[in-house]
Structures are given as C-alpha cells and as structure tokens.
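Residue numbers for the sequence shown follow our numbering, so the first one is 356 and each next one is one higher. In this text, a Cβ means the ideal position worked out from N, Cα and C, and glycines have one as well.
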Amino acid sequence: MALVGIGLQAQPGAAVTVQVSDAAGSREIAVRVQPRQYATQHLKVAPKHVQLSAEDLARHEREREHLQKVLQRWSDRRRRRCAC
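Quick look at the structure:
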C-alpha cells in the first residue's frame, strides 16, 4: 500500500509513474489515474484578498526573482561527507 500525491490536473486514464524502493531494490510502477468525485467548497473573498497591492506585487516580484536564482543552483547530486 502506498500514498501518492497526484496533481489535480491529472485526467482519469492518465498513467503516473511511481518509483518504489524496498529491500528488493528500486523499480518503477505505472499507476492509472481513476475517476473520483471529491467534496468541493466554493469560497467568496473580498477582492483585496485576491488582488495584490502595488507594494505586495513588488515584493512578490523581488522574491520570485530571488527564488529563480536559488533554483538555478539546484543539484540532485549528494555531497559526500568528509571522513577527516
């Protein structure tokens, strides 16, 4: 049994590949997305909670640019620890 997070945009019938690692090793399993009805809520909020102020929009842009620079340095490579 496993729990796999699948994006809301995944359409029923789509295949999702899951990587499984256990004592037997590592392998990939294809899982088919099944249709499902979920409970929904519809919220109404004031526009001030949806539309950013000029100040908040400027902050968002600064943080977005910073995050892009940080993510460009991402590496999946693991660092070795020094056995000094």
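- For the 8 Å CB-CB criterion, R382 and G368 do not form a contact.
- DSSP places Q423 in the helix class (H, G or I) of the three-state scheme.
- Look at the beta carbons and you see the segment 389 to 399 not touching the segment 408 to 419: under three pairs across the two are nearer than 8 Å.
- Annotation note: the segment 370 to 398 contains the following uninterrupted beta strand (DSSP E) runs of length 3 or greater, listed N- to C-terminal: 370 to 377 and 380 to 387.
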